[in-house]
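Using our numbering, read the sequence shown as starting at 18 and increasing by one per residue. Don't be surprised by glycine CBs; every beta carbon is placed ideally from N, CA and C. Here the structure is a predicted model, which means the values were calculated and not measured. See structure below.
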Amino acid sequence: MYQLTPDELGDVRAGSFSTHGIALDQTIRLGAVLDRLPHRMIVLAVEVADLGGGRGLSPAVGRAVDTAVSAVLSVISEPSDRMS
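Pasting the structure below:
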């Protein structure tokens with residue numbers, strides 16, 4: 018689990034987050050140009066280990082769900098005065 022700010026995404030390999038042909042950092046830049054970004058943005062990302070097919074969650078993903086949920090809850094519960 019990684020917690021990134023939009024500025025930190027420039028170091029991420031282009032297209033590694035995108036499933037639609039545009040990288041996440043490019044999407045954020047577009048939002049900035051269009052003046053459509055929220056006051057505060059945090060990106061919570063996970064690293065892909067296996068892109069193979071299958072049903073349900075892999076054991077590794079199943080074990081990581083609680084970590085991901087905790088990270089989201091932590092970010093959304095931060096006081097608004099820290100949001101900048």
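N-terminal and C-terminal residue of the beta strand (DSSP E) that residue i is part of
i     : result
Ala62 : 60 to 62
Leu21 : 19 to 21
Residue i - containing alpha helix (DSSP H), residue span
i     : result
Leu47 : 41 to 50
Leu90 : 76 to 93
Residue i in three-state terms, based on DSSP
i      : result
Ser101 : Confidence at Ser101 is low in this model, with a pLDDT of 46, below 50, so its placement is unreliable and no value can be given for it.
Val65  : coil
Nearest-angstrom beta carbon gap, residue j and residue i [assumed within contact, 8 Å]
i     : j     : result
Ala88 : Leu61 : 5 Å
Ala77 : Ala66 : 6 Å
Val82 : Ile59 : The pair is not a contact, with the Cβ atoms about 19 Å apart (cut-off 8 Å).
Pick from the options that is closest to residue i, judged by C-alpha positions
i     : options                    : result
His56 : Met18, Ile45, Leu90        : Ile45
Leu21 : Ser75, Glu64, Leu74, Gly69 : Glu64
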